[in-house]
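Visitor: Positions 911 to 991 (this note's numbering) are the ones given, in order, by the sequence shown.
Just passing along the structure, written as structure tokens.
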Amino acid sequence: MFTHLTFLDFFPKNVKNFKDSEKWASDFDAYEEKELGKTMGRLLQRMKDEGQPTIGVSTLLSTTLEKRNWLAHSYFSHHAV
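Spelled out as structure tokens, the structure:
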């Protein structure tokens, strides 16, 4: 789903400048790498803003984000020796 979202964002902005398939692939790879470097919360919000996820997918991603944040920010302090 994320790949579709990035392509649908990338395509309209870049199709008018298309001249070479290698450059297109290189530009898309760079764009995708930049997008994947964003936090999960920002990516989830962007998907919601674009109307991409279904209720089920949105719920699953939100739950996953909550669990990830707990693991990254709370688990180790709660289990410190």
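All C-beta atoms, glycine included, are put in the ideal place defined by N, C-alpha and C.
Just to confirm, is the Cβ distance from L971 to L954 under 7 Å?
Guide: Yes, the Cβ-Cβ distance between L971 and L954 is below 7 Å.
Visitor: Hey, would you say E942 sits closer than 7 Å to T916, going by beta carbons?
Guide: In this structure, T916 lies closer than 7 Å to E942 by Cβ.
Visitor: From the DSSP output, in three-state form, read off A982 for me.
Guide: Helix.
Visitor: Could you check what DSSP says for Q962 in three-state terms: helix, strand or coil?
Guide: Coil.
Visitor: Going by C-alpha distance, which of G966, Q962, G961, M950 is nearest K977?
Guide: Cα-wise, what sits closest to K977 is M950.
Visitor: To the nearest angstrom, how far is it from the Cα of L979 to the Cα of K929?
Guide: For the record, residue 979 in the displayed sequence is Asn; it is not Leu. Those two C-alpha atoms are separated by around 43 Å.
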